[in-house]
Amino acid sequence: MSSSRSIAGTVPARLRVVVLCLALAFGGWLTGYAATLGVQGQVFALGYEAEAITQISTSVAFNVVGTGGLALTYLIVRRNGFDRDFTRAFLRLRNPTIWDLAWIVLGLAGAFIVVVGYHSLVEYVDPFGTGGEGETHSSIEQNRNHPVLFLVGIPIAILLTGPGEELLYRGVVQSRLGEAFPTLLAVPLSALVFAAVHLPVYMGEEFGAVLVSLGTVLSLGLYLGTLYELSGSLLVPALIHGCYNAVVYLSNYLTYA
Numbered sequence: 001m002s003s004s005r006s007i008a009g010t011v012p013a014r015l016r017v018v019v020l021c022l023a024l025a026f027g028g029w030l031t032g033y034a035a036t037l038g039v040q041g042q043v044f045a046l047g048y049e050a051e052a053i054t055q056i057s058t059s060v061a062f063n064v065v066g067t068g069g070l071a072l073t074y075l076i077v078r079r080n081g082f083d084r085d086f087t088r089a090f091l092r093l094r095n096p097t098i099w100d101l102a103w104i105v106l107g108l109a110g111a112f113i114v115v116v117g118y119h120s121l122v123e124y125v126d127p128f129g130t131g132g133e134g135e136t137h138s139s140i141e142q143n144r145n146h147p148v149l150f151l152v153g154i155p156i157a158i159l160l161t162g163p164g165e166e167l168l169y170r171g172v173v174q175s176r177l178g179e180a181f182p183t184l185l186a187v188p189l190s191a192l193v194f195a196a197v198h199l200p201v202y203m204g205e206e207f208g209a210v211l212v213s214l215g216t217v218l219s220l221g222l223y224l225g226t227l228y229e230l231s232g233s234l235l236v237p238a239l240i241h242g243c244y245n246a247v248v249y250l251s252n253y254l255t256y257a
């Protein structure tokens, strides 16, 4: 026991926080993936082959068990039980106000401005020789064969994906980094973690295109992290994230239906 404590003591405190946050981020993905496989097995065993049912069940498993579940588990373990006041303060949960609605509406428009601006810059500079083109998110690529699944994904994005991912990546990861680093460092560090954990869904044959897509996620992570700090409410990035994904799904549905 004493040797393990001495080893931990030799590692800088800030480095331990970064490692913890990376472990939480990738742990959430792995937990969600494991839950997804389990749910898919149950769905197929029951004889349900409809793509919509599979998507709903796997999305619930990934976001509730993976990102959201791990975030809450961390908060419970950290306080040796569920500490309601600490959780609300740490995650910046409070009653919404009319100003939060303004943050969400304007913030959603800003998210698309950030993404369009990023892609315009990448297309102009073309640092990876891809013409500014990135890899398509694996779920979007799959759904294009069954466009109705984009409509199924809209409420899932708003109710599960946005809140689940923001609970972990902004609520827990960024807040924990903010305890060890100044805000100006905590926000980009959490954005880097957010981008890194999306690598599996953007893997493709062209490495340059993968980097372009991860840059999109990084830009959104920086933007959502900044809004989280400025608004002081987890609800703001959670709904912006969910609504952003929902608009992307709707756009793809109208294109491929």
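Following the numbering used here, the numbering of the sequence shown begins with 1 at its first residue and continues without gaps. Idealized CB from N, CA, C, for every residue including glycine.
Residue burial annotation: Glu123 is exposed, with fewer than 16 other C-beta atoms found within 10 angstroms of its C-beta.
The Cβ-Cβ distance between Ala25 and Val173 falls below 8 Å. By the neighbour-count criterion, in which a residue is buried when 16 or more other Cβ atoms sit within 10 angstroms of its Cβ, Arg92 is buried. Scanning Pro200, Ala89, Thr226 and Arg88 for the CA closest to the CA of Thr183 turns up Thr226. When DSSP states are grouped into helix, strand and coil, Asn245 belongs to the helix group. By the neighbour-count definition (other C-beta atoms within 10 Å, threshold 16), Pro163 is a buried residue. DSSP places Thr183 inside the alpha helix (DSSP H), whose first and last residues are Thr183 to Ala196. When secondary structure is reduced to three states using DSSP, Asp100 falls in the helix class. For the segment 71-145, the full-length alpha helix (DSSP H) segments reaching 4 residues or more read 84-91, 98-125 and 138-143 along the chain. Straight through space, the alpha carbons of Phe90 and Ile56 are spaced by roughly 30 Å.
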